[in-house]
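Participant:
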Amino acid sequence: MPIDPNFPKNHKITGRVSDILDKNFYYIWGPGENKEASQNEDVINAYKDHDESITPIGVHGTIVAVDWDSCVAQGNCLDVCPTDVFQWYRTEKNIPATDVPKRTFSGRGMIERTGRLDRTDKAQPIREMDCSFCMQCVQVCPTVAIKVDQSNISVHENSKFP
Ligand code: SF4
58 MPIDPNFPKN
68 HKITGRVSDI
78 LDKNFYYIWG
88 PGENKEASQN
98 EDVINAYKDH
108 DESITPIGVH
118 GTIVAVDWDS
128 CVAQGNCLDV
138 CPTDVFQWYR
148 TEKNIPATDV
158 PKRTFSGRGM
168 IERTGRLDRT
178 DKAQPIREMD
188 CSFCMQCVQV
198 CPTVAIKVDQ
208 SNISVHENSK
218 FP
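Quick note on this note's numbering: the sequence shown kicks off at 58 and runs consecutively.
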């Protein structure tokens, strides 16, 4: 199932991921639901290797939004992005995706498609404010997990997470 194009209306902010100095941050929108990732054999096996269960995660980012329940970690988006918006989150912090909310990330994770840790990894829009709105990531995502919307800049700016 593709990312819900109306996720800011149909979901609530369930987390916030910031850099160490809290200068840049993105929101997480939930609740999530089991989608493509929970049905992909490679993803399922990778989670088993980590001894982790696949549980709903939600949408990461607002301007560049990635539905982590749909993301199967193919990584085309990392390869085509001209401004390196995405990183593989597990190459910076190898923790379950459900533990990512409220954690800090420096953005020093791998930015190449081939740098992925394994299929439990996710494309993290850690630099969504650097997006140039070329839409290439949207076009190459095999599960239509990404929505890029310039008008969501105001949603990002006017949102809060307690
Ligand atoms: S729209 Fe273009 S610049 Fe923005 S995240 Fe996608 S590939 Fe990167």
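Even glycine gets a Cβ: it sits at the ideal position worked out from N, Cα and C.
Quick caveat: nothing in here was measured; it's all calculated off a predicted structure.
Determine the extent of the alpha helix (DSSP H) in which D136 is found, giving its start and end residues.
Facilitator: Start and end: N133 to V137.
Participant: Just to confirm the assignment: which complete alpha helix (DSSP H) runs, minimum length 4, are found wholly within the stretch 69-141?
Facilitator: With a minimum length of 4 residues, the continuous alpha helix (DSSP H) runs that stay inside the stretch 69-141 are 98-107 and 133-137.
Participant: C235 to A103, Cα distance in whole Å?
Facilitator: Since the first residue of the chain shown is 58 and the last is 219, residue 235 is not available in this structure.
Participant: Taking the C-alpha atoms as reference points, what is the distance between D79 and R73?
Facilitator: So the alpha carbons of these two residues sit roughly 10 Å apart.
Participant: Taking the C-alpha atoms as reference points, what is the distance between V306 and C198?
Facilitator: Residue 306 falls outside the range modelled here, since the chain spans only 58 to 219, and no answer is possible.
Participant: I need the boundaries of the beta strand (DSSP E) containing I203, first residue and last residue.
Facilitator: First-last of the beta strand (DSSP E) with I203: I203 to V205.
Participant: State the DSSP-derived secondary structure class of T161, mapped to helix, strand or coil.
Facilitator: Strand.
Participant: Tell me whether I111 is buried or exposed, calling it buried when 16 or more other Cβ atoms sit within 10 Å of its Cβ.
Facilitator: Label assigned to I111: buried.
Participant: Could you give the C-beta distance for G166 and Y146, rounded to a whole number, given that I count them as a contact under 8 Å?
Facilitator: Contact holds; Cβ gap of about 6 Å.
Participant: Between the Cα of P59 and the Cα atoms of N151, R176, D187 and C128, which residue gives the shortest distance?
Facilitator: Checked all of N151, R176, D187 and C128; the closest Cα to P59 is C128.
Participant: Applying the criterion that 16 or more other CB atoms from any shown protein chain within 10 Å of the CB defines a buried residue, is F162 buried or exposed?
Facilitator: Classification of F162: buried, given that the 10 Å Cβ count is 16 or more.
Participant: Exposed or buried, which one is Q131 when buried takes at least 16 other CB atoms within 10 Å?
Facilitator: Burial call: buried.
Participant: On the criterion of 16 or more Cβ atoms from any shown chain inside 10 Å, does E185 qualify as buried, or is it exposed?
Facilitator: E185 is buried by the Cβ-count criterion.
Participant: Could you tell me which residues DSSP pairs with Q193 in its beta bridges?
Facilitator: In the DSSP output, where bridge partners are listed per residue, Q193 has none listed.
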